[in-house]
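**Q**
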Ligand code: SF4
Ligand code: SF4
């Protein structure tokens, strides 16, 4: 059935796209996501997919081509990162506002300036409020699995929204890891046939997209978008349950690791979660009740479920691989705090900013954070809510 | 008016030609005026009008359709008129 392979995160994303066999890909290369489309275009050249490849002159145009192809009535996918996503920003809102099921792989990368091509979450956080569904993946396996599930979620008849699947630039996108594919036949049956909704190419029934909606109706469309977002977690779990049947791999809205009986916890997304779990194991062996929560579905943010999963802890550290300048705290910290704010009894929260521009996240940074959480759980004293770690002072 | 539960997902318009129901003439600041005696019925105004607001019957030019004319003035600019006398002039709306 499925076979184990040693591949990069980018190849994993490209293989999931090959299985989904999109009708159209509009794309423009950008490090570290270039590799995704480079591999995918070789599938196109070798007739392994039926995809029409549109190589545009910029990411703004790439997303525009995706939008045009999606309203025309096709399955559409692309990939990008960093400045590319920044340039797409205007079109990202249009893709979600038109309710188009476009799927985008993202090799998360730092934003310029200073110019940096390495992994952090600044690009994903920049598109946080664009009305897309966001997944973050710890490794190549999760990248592949999330990408395959993304088509099902985006194209679900109750949802019809664009989905981005992130994995850490270079750390995951370019490292070779062991992972397991879903074989082509099973994968294709899982993703299923694309069903167009109100396609422009149905010329017997003319329609138009993108009308002017003014003060009298705009709020109704925004409320409808908010409402469909609320349905996403249910569909994500439904699709995950089906995916488990074909792959044996179980996914939730987030991953809880040794969290149920934990007194202190770390919340950390994507590749750094792996290192953190190792450090947690060494502390657990010493009798420290520490656990981890790794967000997977980042937008819509599963506030209620996350609040329930963390509320019993005495102290929680949220690790952000991006900063909100002038917003005081990192974006993930703000979300996790919101999830816990409503409880009368809630953990003391601290925020660590780590790994910007691909700075290595080492076990000693997790140890430093856990030691601080142990102290806070004991005496309740917080030296500073937010701190940059792994930075030269 | 529709509630948020009733709007079409993605604001797609499924009724062809429904723009007819949305009378954009009220946006006009300048109003084209047709001076019939200067008109040679060349229909250049009909060709250039972006809003199909020049009405034509049996190959002859008729009045403007002010429900949709946005007053862009293209017709007045292109109109050759008769012996240097324009058959369309733009006037301030409301005067
Ligand atoms: S362009 Fe002028 S002359 Fe020609 S039909 Fe129109 S109004 Fe008459
Ligand atoms: S002013 Fe513009 S919109 Fe009005 S009739 Fe002339 S060309 Fe058409």
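Chains as they are written, first to last, in the working numbering: chain S, -5 to 387; chain E, 2 to 96.
Cβ coordinates follow ideal geometry from the N, Cα and C atoms, glycine included.
#1: Here's a check: name, in chain order, each residue in its chain whose Cβ is nearer than 7 Å to the Cβ of residue 170(S), leaving out the five neighbours to either side.
#2: When DSSP labels each residue in this structure, what does residue 339(S) get in the three-state scheme?
#3: CA-CA distance, residue 47(E) and residue 28(E)?
#4: Would you list the one or two residues that DSSP bridges to residue 27(S)?
#5: Please confirm whether residue 296(S) and residue 247(S) have their CB atoms less than 7 Å apart.
#6: Counting only runs that start and end within the segment 181 to 256 of chain S, where is the beta strand (DSSP E) found for 3 or more residues in a row?
#7: In chain S, what lies closer than 8 Å to residue 15(E) by C-beta?
#8: When the distance is taken between beta carbons, is residue 285(S) closer than 7 Å to residue 259(S)?
#9: Can a CB atom of chain S be found closer than 7 Å to the CB of residue 51(E)?
#10: With respect to 6 Å, is the separation between the Cβ of residue 388(S) and the closest non-hydrogen atom of ligand 1 below this value?
#11: Taking 6 Å as the cut-off, is the CB of residue 71(E) close to at least one heavy atom of ligand 2?
#12: With DSSP collapsed to three states, give me the class of residue 354(S).
#13: Give the residues of chain E in contact with residue 393(S), contact being defined as C-beta atoms less than 8 Å apart.
#14: For residue 79(E), collect the residues of the same chain with a Cβ closer than 7 Å to its Cβ; drop the 5 residues on either side in sequence, then sort them by chain order.
#15: In chain order, what residues of the same chain have a beta carbon less than 6 Å from the beta carbon of residue 116(S), not counting five sequence neighbours either side?
#16: Relative to chain E, which residues along the segment 94 to 110 of chain S have a C-beta separation below 8 Å, given in chain order?
#17: Which residues in chain S have a C-beta closer than 7 Å to the C-beta of residue 2(E)? List them in chain order.
#18: Using only alpha-carbon positions, find the residue among 13(S), 249(S), 62(S) and 225(S) that is nearest to residue 138(S).
#19: For residue 205(S), go through chain E and note every residue whose CB falls closer than 8 Å to its CB, in chain order.
#20: Would you say residue 33(E) touches ligand 2, meaning its beta carbon is less than 6 Å from a heavy atom?
#21: Could you compute how far the alpha carbon of residue 270(S) sits from the alpha carbon of residue 71(S)?
#22: Mind checking the segment 137 to 167 of chain S against chain E and listing, in chain order, the residues whose C-beta falls within less than 8 Å of any C-beta there?
#23: Should residue 88(E) be counted as a contact of ligand 1 given a C-beta to heavy atom distance under 6 Å?
#24: Which of the three DSSP states, helix, strand or coil, is assigned to residue 40(E)?
#25: Return the residue from the list 113(S), 123(S) and 99(S) that minimises the CA-CA distance to residue 144(S).
#26: At a Cβ cut of 7 Å, what residues of the segment 43 to 62 of chain S count as close to chain E, listed as they run along the chain?
#27: Under 6 Å from any heavy atom of ligand 2, does the C-beta of residue 78(E) make it?
#28: Using 7 Å as the limit for Cβ to Cβ distance, is residue 214(S) near chain E?
**A** Once the coordinates are examined:
#1: Same-chain partners within the cutoff: 0, 1 and 2.
#2: Three-state result, residue 339(S): coil.
#3: 20 Å
#4: Answer is none; residue 27(S) lacks a bridge partner.
#5: yes
#6: Whole beta strand (DSSP E) segments, 3+ residues: 248 to 251.
#7: 192, 199 and 201
#8: Yes; because the gap between Cβ atoms is below 7 Å, this pair is in contact.
#9: At a cut-off of 7 Å, the C-beta of residue 51(E) has no neighbouring C-beta in chain S.
#10: Chain S is shown from -5 up to 387; residue 388(S) falls before or after that span and cannot be answered.
#11: yes
#12: Reduced to three states, the DSSP call for residue 354(S) is coil.
#13: The requested residue 393(S) does not occur in the structure, where chain S is confined to residues -5 to 387.
#14: 45, 46 and 49
#15: 104, 105 and 316
#16: Residues 94.
#17: 210
#18: Its Cα nearest to that of residue 138(S), the residue 13(S) stands out among 13(S), 249(S), 62(S) and 225(S).
#19: 12 and 14
#20: In this structure, the C-beta of residue 33(E) approaches ligand 2 to less than 6 Å from one of its heavy atoms.
#21: 32 Å
#22: 154
#23: yes
#24: coil
#25: Selected option, being the one with the closest Cα: 99(S).
#26: none
#27: In this structure, residue 78(E) has its beta carbon at no less than 6 Å from each heavy atom of ligand 2.
#28: yes
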